[in-house]
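Since the structure comes first, as structure tokens, the remarks are kept for the end.
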Amino acid sequence: MRLLPKGANAPLAQSGKVRVELVWEAHRGAPNAVCFAVDAAGRVPDDDWLVFRGRDQSPKGAIRLVLDTSDRAAFVVALDALPANVQRCVFAATLESGRFGDLRGTLLAAGTGSGESLGFRLEEASDEQALIFAEIYRHQSAWKLRAIGQGFTGGLYPLAAHFGAKLAPSSGNHVAPTEAPAASDAGTGRGRPAKAPSGKRWLGRLLLVGFVLAAAASVWFLKPEWRAAPERIWPDIQGFFTEVRFFDWIPWGRLEGTFRLPSSAVQPLGCDWGDEEVFERYHRLGENYVQILGRVDQSNDLLAAFRGQISQLHGACPEVLHRHSQREIEELKTQPVETWLKEATALNACAGLMIKALESRLAAESRPIILQRLLREADRARNLESDLTNIARDLAYLRNKSERLIAGFGEVLDACPQ
Amino acid sequence: MTRRILAALFPRFWSRSVVAYLLLMLCCAPSLWSQETSYSSRNPNRTNPTIILESEMSNIRASNAQLGARIQTAMEKLEEVARLTSEDEKEVQVDTLFFTLRDEVYGVLDKLDLNSDFADALNRAKEGTIVLRSWYLRQPPDYPNREQSIAQLDRAIQEYDIVDQRLNQSRTLAQEKLSTIMRQHRVILQEMKIGKVLEAIAAARAVVEGLNDITQAMTVVEQKTQESLQAQASVPPISN
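If you read the sequences in order, they're chains A and B.
Throughout the first sequence, residue numbering follows this note's numbering, covering 704 to 1121 in sequence.
Throughout the second sequence, residue numbering follows this note's numbering, covering 11 to 250 in sequence.
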């Protein structure tokens, strides 16, 4: 087998069938192999051209997932059965937990069964949960293999979105938060050997206990103030975390509370919608945002007018002040500001993913006309993100302003009791 | 009529339908552009929140300075009143002075109110900082200055919370002082009526001096607001 370095390409086949196999060490991780058949624009013609465990063959069986075990996966591509608009078949893998940094050494091998096969070994990787290994692409009247080795921070879903495929949200497709790699995956139903030999397990446990004792000892020496005042330990630990306030209206009042996040934990990105749906939802959000803005401004002006009237009053308040104040309170309480704020935040995350996907495509693209189109799309996505951030900021303010207006109209009611 | 106009303008070389199509496109073009228009640009307050807060803070500073000046003037006035010979004239002057101070404190209370422009500006800046922080949290660990920006935004949010607390304290203080003015106004006038003029003027002096607490509280609000603006200043803006 001839191994290609990252970025290199070589002739693979003229026609016929090509087998592309991914091989890894089972105890290091459990990648899910996936193949995208894409057109000249780098997008799948439709979702059926995404072949993975959930859909093991493309239309007419042109691409089939023929092997999927704990340490290898294999696709067979019938080159002659691929439609003319399919220009490339991209071979990638995703992880539901762990990182590709632990799967360095994974090998992709491609060949026709006769002649020399080609391969690419993964040597550079870190925290990615998705990685494009290689692609086979049309070159004049034949097919070539190009070694890529490009990573994605998200999992299958953002990778699919990058190639224009849509996946229904499910637990298997959502981005997993960054977490320590699993040493074994017993119970996942893949039949892989999950248990380490017992001698190594005891050694591991001993090392873990030793590490915990060493950590405790070092903290004890480095934090003398905790020795002097053990009651400070918990408040100091709490200080490493940020308290996040949440607030929402429920039918019988207001629910608010706090939870704690590690101060700078990465909040994972995920998007349940395709690009066009994101823009549709953005327009709906924008229209509602403008309405809420107008309503709150109107309420603010009304409160100022009522306060001015009360300060000039001699004697009883007019009944209309009381009635209108009550009406304003009811309407402010039912405004769906929180709902639209959540929508703005979710769409902002989608815009961020859109930008990342476009930047990846820009980095991999050299053809001027496609570069131009991608740049325009990237500008559009950046404008979208910018506007969504502004809208989120305004809605967060309008949420707080609504609370203060409700309190203000409450004061008017107190000043003018019936 | 449109057809005649088109026929007159473009008799030979242009198909009328082509021209009509072009005119239609020109009319539709703005609506096509509007699909890309940012909605947040329709907010009349779409200015950098920190600039709005700085502007409102300078209004607070001006109001504080005015109150301080009024307090100083009122103290001088009380000295003059003490030297007056006519009891009726003393009563009138003290009455007027208290009405003036009451109006001044009302004005300060308006500036410190829950729904005042300053409270709005403060909250706009704080909520904007929180949203900005959430944006940074969604970026990957290797995003430039991520940790530093999050830490600075955390500090800015804490500073805004402190300003909020101080603002609430100042508001409560101003309300108490207003109650004191109104209560003492009545008491002092009564004392003057029964000949206890010196005691009345001493009481009035104490009330007026007590108003300095409001100016001190507002100075703290101003300082804390400045600190929160500085805490946020070093974080690069991501959008406006």
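No residue lacks a Cβ here, since even glycine has one placed at the ideal position from N, Cα and C.
Per-residue burial, Trp-43 of chain B [other beta carbons within 10 Å of its own, 16 or more giving buried]: Low per-residue confidence applies at Trp-43 of chain B: pLDDT is 38, beneath 50, and the placement is therefore not dependable enough to give any value.
Three-state secondary structure assigned by DSSP to His-842 of chain A: In the three-state reduction of the DSSP assignment, His-842 of chain A falls in the strand class, which pools E and B.
Close Cβ partners of Val-747 of chain A (< 8 Å) along its chain, the five nearest in sequence each way excluded: Phe-739, Ala-740, Val-741, Leu-753, Phe-866, Gly-867 and Ala-868.
Near-chain B residues of the segment 1075-1094 of chain A - C-beta to any C-beta below 8 Å: Correct list: Arg-1083, Asn-1086, Glu-1088, Ser-1089, Asp-1090, Thr-1092, Asn-1093 and Ile-1094.
Helix, strand or coil at Asp-771 of chain A according to DSSP, with G and I counted as helix: DSSP, reduced to helix, strand and coil, places Asp-771 of chain A within a strand of the structure shown.
Within chain A, the residues that Ile-140 of chain B reaches when beta carbons sit closer than 7 Å: In chain order: Ala-1099.
Segment contact flag, the segment 59-69 of chain B with the segment 130-138 of chain B, C-beta cutoff 8 Å, min 3 pairs: Yes, the segment 59-69 of chain B touches the segment 130-138 of chain B.
Any C-beta of chain A under 8 Å from that of Glu-64 of chain B: Answer no: the Cβ-Cβ gap between Glu-64 of chain B and chain A never drops below 8 Å.
Min CB distance Ser-238 of chain B to chain A below 8 Å: No, because no Cβ of chain A sits closer than 8 Å to the Cβ of Ser-238 of chain B.
Extent of the continuous alpha helix (DSSP H) to which Gly-997 of chain A belongs: Element bounds for Gly-997 of chain A: 978-1015.
Limits of the unbroken beta strand (DSSP E) element including Arg-1026 of chain A: Under the DSSP assignment, Arg-1026 of chain A falls outside any beta strand (DSSP E), being part of the alpha helix (DSSP H) whose first and last residues are 1022-1037.
Where Lys-763 of chain A falls, given that 16 or more other Cβ within 10 Å makes a residue buried: Exposed is the label assigned to Lys-763 of chain A, since fewer than 16 other Cβ atoms lie within 10 Å of its Cβ.
Pairwise C-alpha distance: Ile-1073 of chain A and Val-737 of chain A: Rounded to the nearest whole angstrom, the C-alpha separation of Val-737 of chain A and Ile-1073 of chain A is 25 Å.
Beta-carbon gap between Val-91 of chain B and Gln-82 of chain B smaller than 8 Å: No, they are not a contact pair.
When B:Leu-88, B:Ile-204, B:Glu-97 and B:Arg-143 are compared against Ala-1099 of chain A, the one with the closest alpha-carbon: Comparing Cα-Cα distances from Ala-1099 of chain A to each of B:Leu-88, B:Ile-204, B:Glu-97 and B:Arg-143, the minimum goes to B:Arg-143.
Three-state secondary structure (DSSP) of Leu-1074 of chain A: Secondary structure of Leu-1074 of chain A (DSSP, three-state): helix.
Interface positions of the segment 991-1021 of chain A facing chain B (Cβ-Cβ less than 7 Å), listed along the chain: Considering only beta carbons, the part of the segment 991-1021 of chain A lying closer than 7 Å to chain B consists of Tyr-992, Val-993, Leu-996, Asn-1003 and Leu-1006, in chain order.
Cutoff 8 Å: Asp-951 of chain A Cβ touching any chain B Cβ: Annotation note: pLDDT 43 at Asp-951 of chain A (below 50); position unreliable, coordinate value reported separately. Under the 8 Å criterion on CB atoms, Asp-951 of chain A is classed as non-interfacial with respect to chain B.
Through-space distance from Ser-126 of chain B to Glu-186 of chain B, alpha-carbon basis: Taken atom to atom, the span from the alpha-carbon of Glu-186 of chain B to that of Ser-126 of chain B is near 19 Å.
Short Cβ contact (8 Å threshold) for Glu-1033 of chain A with Ser-1002 of chain A: Here Glu-1033 of chain A is not near Ser-1002 of chain A, since their CB atoms are 8 Å or more apart.
Under 9 Å by beta carbon: chain B residues contacting Gly-1111 of chain A: What Gly-1111 of chain A touches in chain B, judged by beta-carbon distance under 9 Å, is Asp-123, Leu-124 and Asn-125, going in chain order.
Proximity test, Cβ basis, 8 Å: Ala-1060 of chain A and chain B: Closer than 8 Å to the CB of Ala-1060 of chain A there is not a single CB belonging to chain B.
Three-state secondary structure (DSSP) of Cys-74 of chain B: First, the amino acid is wrong: residue 74 of chain B is Asn here, not Cys. In this structure, Asn-74 of chain B counts as helix in the three-state DSSP scheme.
Proximity test, Cβ basis, 8 Å: Thr-1048 of chain A and chain B: Judged by the 8 Å Cβ criterion, Thr-1048 of chain A is in contact with chain B.
Residue-chain proximity (Asp-113 of chain B, chain A), Cβ-Cβ < 8 Å: Among the CB atoms of chain A, none fall inside 8 Å of the CB of Asp-113 of chain B.
For Glu-1062 of chain A and Arg-1085 of chain A, the rounded distance between their alpha carbons: Taking the straight line from one Cα to the other gives about 11 Å.
Among A:Glu-831, A:Leu-715, A:Arg-775 and A:Leu-782, nearest to Asp-805 of chain A - alpha-carbon criterion: Measuring from the Cα of Asp-805 of chain A, the nearest candidate turns out to be A:Glu-831.
Under 9 Å from the C-beta of Ala-1052 of chain A: neighbouring residues of chain B: Those are Arg-148, listed as they occur along chain B.
With 16 other Cβ atoms within 10 Å as the buried cut-off, status of Thr-772 of chain A: That one is exposed.
Cα-Cα separation, Ala-210 of chain B to Leu-199 of chain B: Rounded to the nearest angstrom, the two C-alpha atoms are 7 Å apart.
Which of helix, strand or coil DSSP assigns to Leu-1065 of chain A: In the structure shown, Leu-1065 of chain A sits in a helix (DSSP, three-state: H, G or I).
Contacts around Ser-180 of chain B, its chain only, beta-carbon distance under 6 Å, and the 5 residues preceding and following it disregarded: Take Ser-180 of chain B, set aside five residues on each side of it, and the residues of its chain with a beta-carbon closer than 6 Å to its own are Leu-122, Ala-227, Met-228 and Val-231, in chain order.
Assigned secondary structure, Pro-54 of chain B (DSSP; H/G/I helix, E/B strand, else coil): Here DSSP, grouped into helix, strand and coil, assigns Pro-54 of chain B to coil.
Simplified DSSP assignment, three categories, for Val-230 of chain B: Correct three-state label for Val-230 of chain B: helix.
Phe-1112 of chain A in three-state terms, based on DSSP: Three-state DSSP puts Phe-1112 of chain A in a helix.
Buried or exposed (CB count within 10 angstroms, at least 16 for buried), Ala-1110 of chain A: Ala-1110 of chain A is classed as exposed because its beta carbon has fewer than 16 other beta carbons within 10 Å across all chains shown.
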